[in-house]
Amino acid sequence: MIRQIHNMENPFPDVTKETVQDKGQLIYYYDYTEEEDAKRRKTTTKGGGQKHNWMISIDRISHLPDEILVSILSLLSLKEAAITSLLSKRWQHLWASTDTLDFDSKLDVGNNVRLFRRLTPELRHKKSLGYVDWVSRVMEQHEGPNMKRFRACFYLDRRFTTSIDRWIQIAKTKGVEILELEFFLGDGVIDKGHYAFPYKVLGLEKGPNCFGHNIIGFKSLKVVNFKHVDVAEEILQYLLSNCPGLEQLTVYASSNLANLRVVGSSSAALKYLAIKHCCCLESIQIREVANLVSFTYHGGSVRLLLSDVPLLTEVSIEEADWGTVDSIRVVLPQLSCCILSQLEILMLDITPMTLDDDDFGPLQNHAFPILANLKHLELIVEADYCWSLHHLSSFMKVSPYLQRLVLKMKFVTWRRPKIKTAAKCPHPYLRVVEIVGYRGRACAAKHVMYLMKNAISLEKIVIDPVLNHSTDKRVEEVKEEVFAKYHAMQHIKNKVPSTIEFVCI
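Residue numbers (full-length UniProt numbering): 1 to 505.
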């Protein structure tokens, strides 16, 4: 039994409750029954012959310097860190100095966004007000000299502009390194009520024509993540030009970004660039960015220019304009042969080209550059498209050193011709194949069998029926996933040679 002892002689007279609290320590006394005491080696005798075992535990963590305690608190969530203020006077204000301010509402977990949208507008607004009040209160009380990370993630729009501007200003003043504004609104990707990143927070009061060369702020920025934040091209150019340590930039669903230029020494440190679902975007120009390693573009058709990016090894492109864009014949030519030859990881959505038309047939006659260094390939495919195996074969031919292939399968509901058989394409280096979104259909099984026959060094096959990891799925989709797993175990597993590891998730 553990309890603090009162009305009994203190076995440690040199340590009192007062002295302990003055040191910011927590102290506990332990006393045991005779049966418990018999198990202990060190005992003292009290009146009546009853034995007690006395122990004392001193909180040595509180003796650590503030810097170490604050670094420990930064590993906790903000709410968990705030609770530590109840421990003692020593801890009362420490949490307010943490350099990691992640205001995580868990709104981006599972189906919380969808559930939130089902609330009445009045209740949604009330919860948003509560979130804004929480963030504002903590930001104003923050006592630390520096801020490593600031993240706001909730259902916010331009109605809360004044508060959000203030958060950014405080973060800038404290030399924030990671700035993340992840907002949710409306039922679609694009919404006219976006919060707009302000010029004035950069010291600009009259718009994009007032940029100077002596603007101070955000010098410590390393990571910027904007989601449902309207950000102008001039703002991004300013951040790229005036943040010498900026390594990672992500812009998701900005509704007023039309053109993006990332050029030369202004982006010297940039390593990771991701632009997703910006509805008004017309062009992206990336040139002479010496340290760029990874580029991601998901969205509508754009003019894309990539050149002089010697370290670029990873590209992900999902470019579609509702079935009118041929991913292979339109997108890939925008990447120079030099860039394609240096890629090690390529992720590509080729579903927009799957039209039952002779012009969108097999790729054998299409000038397709060799992907000489490609090790990892992810393709989003329509597995029931008649030329699907031919496209797969073409990618295998131009990727001679491919080691891992991931096929993310989609299926259409209307009737199509059966998929056409593709010629043999022996591949000596392909070792791992992963099929995501597998379904219990003959066309899906044909893809697996084709890869088993042609990947002569294959070591592992992974079948994963789950393409959508949402917890709020339709009953029909869940049934399809269950049947797909059953189908794979019954019709695929027994055809896999014993030399190949078979995994069905």
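All C-beta atoms in this analysis are idealised placements derived from N, C-alpha and C, irrespective of residue type, glycine included.
Review point. Hey, how far is the Cα of Q403 from the Cα of K473?
Key: Whole-angstrom Cα-Cα distance: 33 Å.
Check your understanding: Among S267, S254 and Y401, which has the Cα closest to the Cα of L239?
Key -> Among S267, S254 and Y401, the Cα nearest to that of L239 is on S267.
Exercise for review: Please classify E382: is it buried, with 16 or more other beta-carbons within 10 angstroms of its beta-carbon, or exposed?
Suggested key: buried
Practice item. Give the range of the beta strand (DSSP E) segment to which D104 is assigned. Key: Counting along the chain, the beta strand (DSSP E) containing D104 begins and ends at T100 to D104.
**Study point:** Distance between Y450 and G217 (C-alpha atoms, nearest Å)
**Key:** Taking the straight line joining both Cα atoms gives about 56 Å.
Check your understanding: Leaving out five residues before and five after M396 in sequence, what residues of the same chain have Cβ atoms less than 6 Å from its Cβ?
Key -> C425 and H427
Check your understanding: How many whole angstroms separate the CB atoms of V433 and I461, which I take to be in contact at a CB cut-off of 8 Å?
Key -> 5 Å
Exercise for review: Assign V412 to one of three DSSP states: helix, strand, or coil.
Suggested key: coil
Exercise for review: Put S301 into one of helix, strand or coil per three-state DSSP.
Suggested key: coil
Point to revise | Candidates G144, K375 and K418: closest to residue 536 by CA position | key: It is not possible to answer for residue 536, since the shown part of the chain is limited to 1 through 505.
Point to revise | E314 versus V302, E180 and V293, residue with shortest Cα-Cα distance | key: Closest option to E314, Cα to Cα, is V293.
Exercise for review: Since I believe V132 is in contact with S163 (beta carbons under 8 Å), could you give me their beta-carbon distance rounded to a whole number of angstroms?
Suggested key: 5 Å
Exercise for review: If I'm right that S136 touches Y155 with Cβ under 8 Å, what's the distance once you round it to whole angstroms?
Suggested key: So it is not a contact: roughly 16 Å between Cβ atoms.
Exercise for review: Could you pull the start and end residues of the beta strand (DSSP E) that A274 belongs to?
Suggested key: That run of the beta strand (DSSP E) goes Y272 to K276.
Point to revise | Where the alpha helix (DSSP H) containing L451 begins and where it ends | key: A442 to N454
Practice item. Look at the Cβ atom of E288, then the Cβ atom of V263, and state whether they are nearer than 8 Å. Key: yes
Exercise for review: Evaluate A488 with the Cβ neighbour count: other Cβ atoms within 10 Å of its Cβ, from every protein chain shown; 16 or more gives buried, anything less gives exposed.
Suggested key: buried
Practice item. Would you list the residues sitting across from E318 in a DSSP beta bridge? Key: H298
Practice item. Could you tell me whether the Cβ atoms of L69 and D102 are closer together than 8 Å? Key: With respect to the 8 Å criterion, L69 and D102 are not classified as neighbours on the basis of their beta carbons.
Exercise for review: Express the C-alpha separation of L257 and C243 in angstroms, rounding to a whole number.
Suggested key: 20 Å
Exercise for review: Quick one: grab the DSSP three-state call for R404.
Suggested key: strand
Review point. Is it right to say L260 is buried, meaning 16 or more other beta carbons lie within 10 angstroms of its own, or is it exposed?
Key: buried
Practice item. Enumerate in chain order the residues of its own chain whose CB-to-CB distance from Y272 is below 6 Å, with the five nearest sequence positions on each side excluded. Key: Q248 and S294
Review point. If you draw a straight line from the alpha carbon of R117 to that of R124, how long is it in whole angstroms?
Key: 8 Å
Check your understanding: Any idea what DSSP makes of A423, helix, strand or coil?
Key -> coil
**Study point:** Cut-off 6 Å between Cβ atoms - residues of its own chain near L392, not counting five sequence neighbours on either side
**Key:** The beta carbon of L392 sits closer than 6 Å to no other beta carbon from its chain once the five residues preceding and following it are set aside.
Practice item. Could you tell me which uninterrupted alpha helix (DSSP H) segments, each at least 4 residues in length, are contained entirely in the region 108-164, listed from first to last along the chain? Key: Those alpha helix (DSSP H) runs which fall completely within the region 108-164 and span 4+ residues are 112-117 and 121-141.
**Study point:** Contact check, L389 vs I419, beta carbons under 8 Å
**Key:** yes
Check your understanding: Between N454, I339 and V436, which lies nearest to S394 when the distance is taken from Cα to Cα?
Key -> N454
Check your understanding: Where does H391 fall in DSSP's three states?
Key -> helix
Review point. What do you reckon, are the CB atoms on V251 and L221 nearer than 8 Å?
Key: no
Practice item. Let me know if R41 comes out buried or exposed under the rule of 16 or more other beta-carbons within 10 Å of its beta-carbon. Key: In this prediction, R41 scores a pLDDT of 46, lower than 50, which makes its location untrustworthy; no coordinate-derived value is stated.
**Study point:** Pick from D384, Q237, I284 and F502 that is closest to K446, judged by C-alpha positions
**Key:** D384
Check your understanding: What do you get for V309, buried or exposed, if any count of 16 or more other CB atoms within 10 angstroms of its CB means buried?
Key -> Buried, by the Cβ-count rule.
Check your understanding: For A196, which beta-bridge partners are listed by DSSP?
Key -> D230
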